[in-house]
Amino acid sequence: MNQGRRRGFLNALLMLLITLAIASPIAAGAEGAAPAEIKIGHLHAASGPYASISMPVYDTLKLWVDQQNAAGGAFVKAFNKKIPLKLISYDDQSNPGTAAILINQLITQDKVDLLVCDSGSVLTAVAVPIAREHKMFLFDPTGTGAAFFSKDNPYIALLADPVSTVWPRYLWEFLKSDAAALGLKRVAILYATNDFTGTQASAIRAALKEAGSPSEIVFDQGVPTSTSNYSVLIDNIAATNPDIVLELGYVGNDIAFLRNLQDQDHKFKAVFTLYPGIETNVLMKNVGAQGLAGVFTYVTALGLTLKPEIGMTVEELRAAFEKAYGGGGVEFGWNAIAGHVTGLVIGETLAHADSLSQADLRQAVFGLSGKLKTLVGTFELREDGAQIGELTPIGQFGPDGKLAVVYPHEFATAKPKINAP
Amino acid sequence: MSPEPLLEIAGLVKRFGGFRALDGVSFSLGPGEVLGLVGPNGSGKTTCINVISGLYAPDGGEMRFAGRPLGGNAMHRRARLGINRTFQSPRPFASLSVRQNVELAAFYGHAEGPRADIPALLASLDLDSLAPRRAEDLNSAQQKLLDLARALATAPRLLLVDELAAGLNPAELARMAERLRALARGGMALLVVEHLLGFLESVTDRVIVMNAGREIFEGDLSAAVRHPEVVRVFLGSDHAG
Amino acid sequence: MLLHALLGGVVFGCYFTLIGLGLNLVFGVMRIVNLAHGDVLMLGSFAAYFLFHLAALSPLSAAPLIVIGFFLLGLPFYYLVVPRLAASRDAEMLSFILFFGVQQIIEALAAIAFGSSERSIPARVLGIGAVHLWGQSLPRAWVISALVALAAVLALYLYLYHTRLGLLTRAVMASREEARASGIDIHRVSAIAFGIGLALAGLAGVFAPFMLGSITPAMGSTINLAAFAVIVVGTLGNPLGTVLGGLVYGVGLLMMQTYLSAWADLLPNLLLILVLLVRPSGLLGRRVRLA
Amino acid sequence: MPADLLRAEGLAAGYGKVRVLWGAGLTVGAGESVVLLGPNGAGKTTLLKVLLGLMPAWAGRVSLEGEEITTWPSDRRVRRGLAYMSEIGVFTALSIAENLAIGGQFSPPARLRRRLDELYAVFPDLAARRGALAGSLSGGQRKMLGIAKALAGAPRLLIMDEPSAGLSPLFVGQVIGILRRFHATGLALLIAEQNVKFLDLAERVFTLEGGRVGFSGSVAELHADNALHRAYFGLGA
Amino acid sequence: MPRAARDFLRVGVPVVLLFALLPLFYQNELLLFNFVLFLILTQGLNAVYGFTGYLPFGYVGFFGAGAYGFALAVMHLAAPPLLALLLAGLAGVVLGLILTPLLRLSGAYFAIANLAAAQMVYQIIANPALADITKGPYGVSLASVFAPRASYAVALVILAFVLGLVAWLRHGRFGLALQAMRDDPVSAAMAGIPVLRGRVVAWLLSALIAGLAGGVFAWHISVFYPETAFDISISIFAIVFTLFGGAATLTGPIAGVLVLYGLYNVIGISVPQYFQLIYGALIVGLVLFLPRGFASLLSRRGIDVP
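Residue numbers (the working numbering), protein chains in the order written: chain A, 4 to 424; chain B, 6 to 246; chain C, 265 to 555; chain D, 60 to 296; chain E, 31 to 336.
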């Protein structure tokens with residue numbers, strides 16, 4: 004009986020040791036000499052709720068790495084030569100606990116040179132303290148949560164999205180100026196109660212309530228992010244007789260909202276939603292040009308066609324993406340661009356860092372601030388690592404499905420129009 | 006009958022849906038007395054035990070134990086008051102050993118006074134050699150004995166015995182009868198539900214014959230088997246001899 | 265607003281009846297909890313999506329194909345998995361785990377095959393614009409989905425109450441043991457019920473792109489939670505009780521959206537717990553299931 | 060000697076690790092009426108379940124008209140003319156008519172209809188309440204329904220588990236009367252009982268003690284052998 | 031020596047020592063921490079499922095309550111971590127008390143109701159209306175108390191406590207009474223065992239353990255969202271590991287965690303592209319071919335598994 008128990012326990016122990024042995028990678032190369040490859044550690048979510056924002060980032064980051072390697076690798080200033088890149092990307096299945104372990108695995112076992120976390124705030128959150136603990140500089144592609152950034156944490160920079168408190172700045176400016184001038188004064192805010200859109204709603208709410216604001220909030224409610232039908236909500240909003248409806252949610256929320264809107268008699272004078280300008284392909288496929296006509300949204304690189312000083316233009320990236328992943332069920336959109344921008348920042352960092360030490364990497368990244376002009380605009384970091392460049396203007400879809408910038412005036416290509424009530 | 010009854014039952018009623026399983030049963034039982042409960046299947050014998058032991062709440066009537074009303078006490082409280090039972094189909098703690106089965110009852114179901122001597126109890130029921138075995142590995146006759154052992158471990162003052170004899174061979178039956186009589190001699194009150202009339206005759210002082218939830222006879226078993234209604238109801242024909 | 269929420273709730277609830285219907289049938293007949301129900305529904309959605317985009321089949325014509333296809337898939341799946349599961353000691357509990365594993369497999373395969381982006385079928389396929397009922401306007405897709413759901417409930421009713429196999433199915437639901445003792449081939453009856461369960465999930469999936477905005481491989485788990493609420497509030501194990509559960513769920517949800525929208529997703533869980541504590545057998549149930 | 064209708068040899072079976080049957084065997088001839096006597100816990104129900112294929116046999120064989128059926132599923136045995144009435148015997152959640160339809164599930168509709176007409180004539184209480192749920196019937200009526208259900212498929216052998224359980228003597232008499240009536244038309248019976256009244260019906264008796272067959276023979280032999288008293292009353296008469 | 035103490039020394043102490051020493055050889059401490067976390071959670075689940083038969087599908091509710099109990103104590107009371115941890119355990123117990131009426135339900139009804147209850151706790155905590163208290167959907171950051179080494183050490187202490195507790199349950203009188211109730215509540219009551227109270231105590235112990243686990247998790251991870259603390263896969267993993275190890279034993283859940291969670295991480299790290307697929311198939315295979323757990327491989331051969 005004792006023997007059996009001991010045997011069972013020893014077996015279990017053996018299993019664990021095998022586990023650990025397999026999990027441990029072969030030790031990294033010697034210090035000093037140029038490494039054979041630069042290891043970029045990354046997480047993605049191939050399944051689960053965050054897959055749809057995570058996979059495009061992964062795809063274009065991988066694309067960028069492949070392109071660099073095809074050209075002989077990325078130029079690394081520290082060794083003054085091109086070195087091939089190796090992307091190690093694990094699947095966290097949208098599970099934060101697993102993401103935490105895998106981030107740690109990248110740091111402690113794979114001993115990656117650069118660390119890139121997964122997309123979205125929930126999966127980014129777990130990486131922030133771990134990176135900090137291990138004094139690894141965290142390249143954060145799209146995790147915009149305001150709580151990640153503090154002056155006492157030098158180990159993070161947000162690369163490809165503005166921090167969520169800053170993101171809606173043009174929106175509230177637009178509401179208080181041009182929109183109000185058009186008579187869009189009664190504002191309804193419907194937001195999904197998650198970190199991303201909840202924070203945006205708070206920022207907008209605060210701005211619209213400032214003294215002297217011409218806008219009046221007539222409806223302000225949160226709904227669970229899982230909300231997938233808006234018919235009754237639309238009816239309720241209509242009852243408050245707003246001039247403009249802001250619906251702030253994830254892709255799925257926006258699709259459901261805009262589809263329900265088409266199905267109903269209520270036609271608001273103006274509607275703003277987040278994602279038509281962020282994941283335009285997805286929205287176009289799911290809602291259609293007719294459903295998007297007249298809708299206000301954020302304009303990202305997709306609509307701006309800025310001339311990048313580095314990397315591809317939107318159209319070049321789109322073409323490369325379609326060639327590599329077309330038909331694979333991952334749509335080209337803002338998150339795909341974010342992956343590319345992440346790659347560009349990494350490339351520039353390697354090209355400018357004096358060594359591969361995390362401190363030098365950080366210095367190089369912050370050195371790019373205000374100088375790097377990519378297809379999403381100017382890369383600009385606040386001192387706590389939050390992204391404050393790359394602002395997203397306000398645009399409006401025309402009846403032909405074309406997105407025109409309407410605010411701010413320096414980018415504007417058209418004037419905002421109101422639907423016939 | 007002793008002057009102060011231990012258990013007094015008056016007008017006990019238990020309904021299941023529209024079916025009256027007990028329809029006004031009354032009797033009393035004193036210390037050291039053995040009362041047999043007889044009747045055809047479905048006449049309410051087991052229901053009677055279930056109500057007294059607290060498994061079912063009665064729909065009417067009164068139960069007093071040692072002078073106090075019994076109703077409102079949960080099963081485990083009744084066990085601690087000194088009421089215990091066996092089950093028609095044995096209900097051991099299947100995953101525990103025989104000894105653990107009995108020890109638990111001795112610890113939790115104990116009222117007052119010295120604790121039961123478990124080795125002696127097991128030995129008296131020929132369970133000592135099975136003590137380390139898991140209860141689920143026992144056959145059904147052994148499990149019945151385990152039921153009895155567990156009930157006795159709580160040192161009950163009233164023991165409700167539900168079809169204990171079935172499946173025992175004649176020698177075992179004789180020993181079982183002697184055991185029950187010994188318990189009664191020690192002052193325990195016993196209520197015995199049994200099909201085996203021969204067994205019952207060797208154990209009981211008097212019997213109650215039940216039919217359709219009612220008593221139809223109370224008295225001596227030898228008188229009962231001559232009572233015309235009892236013969237009609239219970240035996241049905243003269244085959245029983 | 266109240267009338268709109270009520271009416272919308274009834275129509276919306278019909279669709280949620282359809283979501284819970286198959287799950288409840290499977291539980292009723294087999295006493296197992298199909299945690300992969302929502303993922304089967306997801307597969308139905310993708311089937312409808314591809315039939316529309318590749319074969320230009322409208323959802324209403326794709327629906328019968330999907331129903332038949334999923335039914336036929338259910339039969340071998342039943343025989344592969346369920347008899348083995350049913351033979352284990354605590355099948356009801358183990359089924360949670362088993363179908364969690366199945367759910368993982370389905371979701372993983374779907375993510376590999378279909379990618380992660382939101383997809384849908386254009387709303388115009390079922391007709392754009394509102395349907396007017398008693399002065400209230402409701403999305404056309406809701407009304408069509410509700411009608412299909414009612415048709416499915418009717419079909420299931422006819423099957424259970426007016427066919428020989430349906431009678432045997434109800435016998436198995438009433439008592440698996442007695443059914444075996446009566447010479448019923450419970451595995452055949454259960455396999456068919458399992459197939460019907462999957463077919464109903466697939467059918468609900470056809471309308472998901474219209475009712476839930478868009479579809480992704482990850483949608484299954486959210487749907488499961490709603491389906492649980494619907495069938496527990498209805499009556500676990502009584503497929504037709506699902507109708508009541510769906511209606512309570514639909515009306516409750518839309519009322520919450522109207523008056524306390526941020527707390528709307530609390531409601532199904534609250535209902536579920538309240539119903540279980542107050543009437544453990546469900547609103548229609550007779551059997552009481554207490555420990 | 061004509062082949063036995065049902066023959067069981069050396070059956071062993073049980074639950075989990077506990078063996079209940081220890082090599083039990085019995086035979087039922089075509090049209091014969093057999094009573095299996097034995098106290099609670101002797102293994103009667105287990106034996107019947109093994110005969111019906113509701114529990115697997117650990118050892119031994121069962122044959123029907125000489126053909127081995129030991130591993131057949133229960134539905135196949137029912138199709139071949141066995142019927143079983145368990146102690147519960149009915150689906151309480153279904154109506155009387157539905158219960159009977161389930162009993163006759165393998166009969167062609169026309170034959171089933173004729174059969175049901177016959178049964179309703181024998182059981183007028185049931186005929187009057189065809190649409191009522193079986194759960195609404197009294198204990199005695201349920202037992203009648205159980206018998207009718209088992210007979211609806213026109214079996215050749217009816218296997219019954221304690222038909223007297225929960226019945227008043229009046230009903231027991233009725234049950235026996237009805238069984239006698241169908242037996243007279245050629246139905247073979249195998250009845251597991253404690254109630255000796257059923258010996259009235261028996262052409263042959265087996266007693267089961269501790270998972271083994273103790274006595275087998277005629278009723279007269281049983282009385283002479285004193286086995287009845289040993290098995291049933293426990294103490295020698 | 032009592033059997034409980036013997037089992038604890040032979041099984042519990044080596045496990046705790048193993049995880050105390052492993053960080054010296056293996057740097058992915060978070061992986062080790064998660065092993066410890068699931069070792070705690072599976073034994074907590076074992077206390078209620080293994081010993082009373084109730085399957086708490088929403089076990090993560092207690093875990094999340096503990097995590098938020100810890101976070102609230104740190105944020106609002108500026109409590110030191112160890113005190114906050116006690117409050118986390120208390121949060122689990124309080125939630126357990128509130129959910130005690132669920133024990134009236136059985137089987138799938140209990141499992142589903144418990145899942146719904148866990149969802150409700152999540153939805154309340156994550157609601158923006160309570161953002162001032164819980165930070166709602168915006169997540170909490172406990173950078174001020176972040177201490178991975180200390181929290182790992184405390185997790186080991188909790189593990190030792192929990193293993194000792196389960197060893198006691200397995201052989202102690204109270205645990206035997208629980209097993210008796212699970213086998214047959216009626217005869218347990220007739221043996222004088224207060225069935226209802228026994229169940230409630232086991233339930234609250236189990237809630238306490240999950241609350242402590244949630245608290246130490248919050249401490250260790252320090253930045254998290256409600257989705258993280260109430261991730262339903264935490265429940266499911268704990269159940270799967272317990273079941274496949276073998277409930278109602280001390281070693282079963284340990285073996286379940288070491289083997290299955292080990293495999294989970296091996297698959298996730300070595301074949302990320304088919305991670306979910308392989309793990310799902312593994313679970314299905316185990317339910318079908320080893321429904322009574324690894325422990326049954328031994329106990330079937332008559333070997334007593336501690």
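Built from N, CA and C at the ideal position, the CB exists for glycine as well. Source: prediction; values computed, not measured.
7 angstroms Cβ shell around residue 309(E) - same chain, five flanking residues per side excluded: Counting from one through the fifth sequence, the residue named residue 309(E) turns up at place 279. Within the same chain, residue 309(E) has close Cβ partners 294, 297.
So if I threshold CB-CB distances at 9 angstroms, which residues from the segment 34-58 of chain A count as touching chain C? 48, 49, 50, 51, 52, 53, 54, 55, 56, 57, 58
Own chain residues within Cβ distance below 6 angstroms of residue 262(D), not counting five before or after: Here residue 262(D) corresponds to residue number 203 of the fourth sequence, with the count starting at 1. Closer than 6 angstroms at Cβ, skipping near neighbours: 91, 92.
Leaving out the 5 sequence neighbours to the left and right, which residues in its chain are closer than 6 angstroms to residue 501(C) when beta-carbon positions are compared? Residue numbering aside, residue 501(C) sits at position 237 when the third sequence is read from its first letter. The residues are 291, 292.
Taking 9 angstroms as the cut-off, decide whether the C-beta atoms of residue 230(A) and residue 195(A) are in contact. Along the first sequence, one-based indexing puts residue 230(A) at 227. Along the first sequence, one-based indexing puts residue 195(A) at 192. Yes.
9 angstroms Cβ cutoff met for residue 204(A) and residue 192(A): The sequence position of residue 204(A) within the first sequence is 201, counting from 1. The sequence position of residue 192(A) within the first sequence is 189, counting from 1. Contact flag set, yes.
Stretch-stretch touch, CB-based, cutoff 8 angstroms, three pairs: the segment 257-273 of chain A with the segment 237-247 of chain A: yes
Segment limits, beta strand (DSSP E) that includes residue 81(D): Mapped onto the fourth sequence, residue 81(D) falls at position 22. Unbroken beta strand (DSSP E) run through residue 81(D): 77-87.
Alpha carbon to alpha carbon, what distance is there between residue 342(A) and residue 176(A)? Translated into the one-based positions of the first sequence, residue 176(A) becomes position 173. Translated into the one-based positions of the first sequence, residue 342(A) becomes position 339. In a straight line, the C-alpha of residue 176(A) is about 29 angstroms away from that of residue 342(A).
Beta-ladder partner(s) of residue 219(D), from DSSP: Taking the fourth sequence and counting its residues from 1, one reaches residue 219(D) at position 160. Answer is 144(D), 250(D), bridged to residue 219(D).
Between residue 481(C) and chain A, is the shortest Cβ-Cβ distance under 9 angstroms, so that the two count as touching? One-based indexing of the third sequence puts residue 481(C) at position 217. By this cut-off, residue 481(C) is an interface position.
Below 7 angstroms on C-beta distance, what does residue 407(A) contact in chain C? For the purposes of this step, residue 407(A) is taken as the residue at position 404 of the first sequence. Near residue 407(A) there are no residues of chain C at all, since even the closest Cβ is about 24 angstroms away, more than 7 angstroms.
Taking only beta-carbon positions, decide if residue 26(A) is within less than 9 angstroms of chain E. Sequence index remark: in the first sequence, residue 26(A) carries index 23 (1-based). Unreliable positioning characterises residue 26(A) in this predicted model, as indicated by a pLDDT of 49, which lies under 50. A coordinate reading is not provided.
Local conformation of residue 157(B) per DSSP, three classes: Along the second sequence, one-based indexing puts residue 157(B) at 152. If DSSP states are grouped into helix, strand and coil, residue 157(B) belongs with the helices.
With a threshold of 9 angstroms between beta carbons, is residue 260(A) in contact with chain C? Translated into positions along the first sequence, residue 260(A) becomes position 257. By this cut-off, residue 260(A) is an interface position.
Comparing C-alpha positions only, which one of 113(D), 117(D), 203(D) sits nearest to residue 440(C)? Numbered from 1 along the third sequence, position 176 holds the residue referred to as residue 440(C). Cα-wise, what sits closest to residue 440(C) is 113(D).
Give the residues of chain A in contact with residue 434(C), contact being defined as C-beta atoms less than 8 angstroms apart. Taking the first residue of the third sequence as 1, we reach residue 434(C) at position 170. What residue 434(C) touches in chain A: nothing, since even the nearest Cβ is about 34 angstroms away.
For residue 19(B): DSSP bridge partner residues: In the second sequence, counting from the first residue as 1, residue 19(B) sits at position 14. Per DSSP, 27(B).
Figure out for me which residue from 147(D), 149(D), 150(D), 131(D) has the closest Cα to the Cα of residue 141(D). Numbered from its first residue, the fourth sequence carries residue 141(D) at position 82. The option with the nearest alpha carbon to residue 141(D) is 131(D).
Neighbourhood of residue 62(E) by C-beta distance below 7 angstroms, restricted to the same chain and skipping five residues each side: Mapped onto the fifth sequence, residue 62(E) falls at position 32. The answer, listed in chain order, is 49, 52, 53, 56.
Within this structure, are the beta carbons of residue 188(E) and residue 246(E) separated by less than 9 angstroms? Your numbering for residue 188(E) matches position 158 in the fifth sequence. Your numbering for residue 246(E) matches position 216 in the fifth sequence. Contact flag set, yes.
Coarse secondary structure for residue 241(B), derived from DSSP in three states: To locate residue 241(B), count along the second sequence from 1; it is residue 236. Any reading at residue 241(B) needs caution, since the residue's pLDDT is 49, under 50, leaving its predicted position unreliable; the model's value is listed next. In the structure shown, residue 241(B) sits in coil (DSSP, three-state: anything other than H, G, I, E or B).
For residue 28(A), which three-state DSSP category applies? The residue you call residue 28(A) lines up with position 25 of the first sequence. Reliability fails at residue 28(A), whose pLDDT of 44 lies under 50, so the model's placement of it is uncertain and the value that follows must be treated cautiously. Three-state result, residue 28(A): coil.
Nearest to residue 473(C) by CA position, among 289(A), 116(A), 44(A), is which residue? Here residue 473(C) is taken as the residue at index 209 of the third sequence, counted from 1. Comparing Cα positions, the closest option is 289(A).
Could you say if the segment 139-148 of chain E and the segment 84-102 of chain E meet the contact criterion of at least three C-beta pairs nearer than 8 angstroms? yes
Between the CA atoms of residue 76(E) and residue 317(E) - distance to the nearest angstrom: Position 287 of the fifth sequence, counting from 1, holds the residue named residue 317(E). Position 46 of the fifth sequence, counting from 1, holds the residue named residue 76(E). Cα to Cα, the separation comes out at about 18 angstroms.
When Cβ atoms are compared, which residues of the segment 41-55 of chain E fall closer than 8 angstroms to chain C? none
Name, in chain order, the residues that DSSP records as bridge partners for residue 159(A). Indexing the first sequence from 1 puts residue 159(A) at position 156. DSSP lists 141(A) as partners of residue 159(A).
Taking beta-carbon pairs under 7 angstroms, can you tell me which members of the segment 190-201 of chain A lie near chain C? 196
Where does the unbroken alpha helix (DSSP H) through residue 174(B) begin, and where does it stop? Numbered from its first residue, the second sequence carries residue 174(B) at position 169. Segment: none, residue 174(B) is in no alpha helix (DSSP H) and carries neither H nor E.
Proximal residues of chain D, C-beta to C-beta of residue 439(C) below 7 angstroms: Here the question's residue 439(C) lines up with position 175 in the third sequence. Result: 150.
Does any residue of chain C have a CB that is nearer than 9 angstroms to the CB of residue 414(A)? Your numbering for residue 414(A) matches position 411 in the first sequence. Residue 414(A) does not count as touching chain C.
Taking the C-alpha atoms as reference points, what is the distance between residue 330(E) and residue 133(D)? Residue mapping note: residue 330(E) aligns to position 300 of the fifth sequence, counting from 1. Residue mapping note: residue 133(D) aligns to position 74 of the fourth sequence, counting from 1. Residue 330(E) and residue 133(D): Cα-Cα distance of roughly 29 angstroms.
Can you name, in chain order, every residue of its own chain whose Cβ lies under 6 angstroms from the Cβ of residue 425(C), other than the five neighbours on each side? Within the third sequence, the letter at position 161 stands for residue 425(C). There are no such residues.
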